[in-house]
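Okay, so here's the structure we're looking at.
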Amino acid sequence: MAIRIIVKDPDPVLREKAITVTKFNSNLHKLLDDMADTMYEAEGVGLAAPQIGILKRVIVMDCGEEHGGLIEMVNPEIVSSSGEQHGPEGCLSIPGLRGDVTRAMNVTAKGQDRNGNPIEVTGTELLARCIFHEIDHLNGILFTDLATKTYTSDEEEDSE
Numbered sequence: 001m002a003i004r005i006i007v008k009d010p011d012p013v014l015r016e017k018a019i020t021v022t023k024f025n026s027n028l029h030k031l032l033d034d035m036a037d038t039m040y041e042a043e044g045v046g047l048a049a050p051q052i053g054i055l056k057r058v059i060v061m062d063c064g065e066e067h068g069g070l071i072e073m074v075n076p077e078i079v080s081s082s083g084e085q086h087g088p089e090g091c092l093s094i095p096g097l098r099g100d101v102t103r104a105m106n107v108t109a110k111g112q113d114r115n116g117n118p119i120e121v122t123g124t125e126l127l128a129r130c131i132f133h134e135i136d137h138l139n140g141i142l143f144t145d146l147a148t149k150t151y152t153s154d155e156e157e158d159s160e
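According to UniProt numbering, the sequence shown is numbered sequentially starting from 1.
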């Protein structure tokens, strides 16, 4: 396990579409382990492989124990969503900037686990937001593309 360097905007890799994973082996397991370590070290709640410069459809998320703890998804895709929430998002690849983004309140995504077995993850609120945010990364979309307003962390504190 290792901490990887997080790619920062405007690195062009963040705007590329990640490719489908077809090999479920020790290299993928190491990537998932490293991604989780990197996410925790950076104090994030989600990380997509393109954020560490790897164009594979792999994400990790941990929105707390109430949302199931660490979730690993390979080749994730949204299968259903409902409701609406509007609120702040940040990104490890865009430090110091936040934005107000509208997302679905509830989401179900399907994908595969680290061994290629099918999995389905259903989430609400923060986990739903995180699933959408990380899958967006796999498609070259950043939260700033969707934000109705962006602000620095300092501006957010001033408004409270």
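All C-beta atoms, glycine included, are put in the ideal place defined by N, C-alpha and C. Only a predicted model underlies this, so the values are computations on that prediction, with no experimental measurement involved.
Handout entry: Beta bridge counterpart(s) of A109 as assigned by DSSP
Key = For A109, which the question treats as bridged, DSSP gives the partners I78, V121.
Practice task
Select from L142, E125, H67 the residue whose C-alpha is nearest the C-alpha of P12.
Solution key: L142 is the residue among L142, E125, H67 whose C-alpha sits nearest the C-alpha of P12.
Practice task
State the start and end residues of the unbroken alpha helix (DSSP H) segment that holds H86.
Solution key: Annotation for H86: no alpha helix (DSSP H) segment contains it, though the beta strand (DSSP E) segment containing it runs 85-90.
Exercise for the section: Quickly, what does DSSP pair D100 with across the bridge? List them, please. Expected result: Looking at the DSSP output, D100 bridges to P88, K149.
Problem - Cβ neighbours of H29 in the same chain (closer than 6 Å, five flanking residues each side left out) - result: Around H29, the same chain offers R114 as residues with beta carbons nearer than 6 Å, after the five sequence neighbours per side are excluded.
Practice task
Over the uninterrupted beta strand (DSSP E) stretch that includes D62, give me the two end residues.
Solution key: Its beta strand (DSSP E) spans residues 58-62.
Practice task
Check A65 in the structure and name its three-state DSSP category.
Solution key: Correcting the residue type first, residue 65 is Glu in the shown sequence and not Ala. In the structure shown, E65 falls within a helical segment according to DSSP collapsed to helix, strand and coil.
Exercise for the section: Leaving aside the five residues before and after L31 along the sequence, list all residues of the same chain whose C-beta is less than 8 Å from its C-beta, in chain order. Expected result: Around L31: A49, I54, K56, V58.
Problem - Cβ pair count under 8 Å reaching 3, the region 91-98 against the region 63-70 - result: The region 91-98 vs the region 63-70: no contact.
Exercise for the section: Kindly list the residues whose CB is nearer than 8 Å to the CB of D62, restricted to its own chain and excluding five residues on each side of it in sequence; keep chain order. Expected result: Excluding sequence neighbours, D62 sits near A36, M39, Y40, V45, G46, G69, L70, I71.
Practice task
Would you check if the distance between the CB atom of I52 and the CB atom of D33 is smaller than 9 Å?
Solution key: I52 places its beta carbon 9 Å or farther from that of D33.
Exercise for the section: Quick one: give me the first and last residue of the beta strand (DSSP E) that A36 is part of. Expected result: Unbroken run through A36 is the alpha helix (DSSP H), 26-41; no beta strand (DSSP E).
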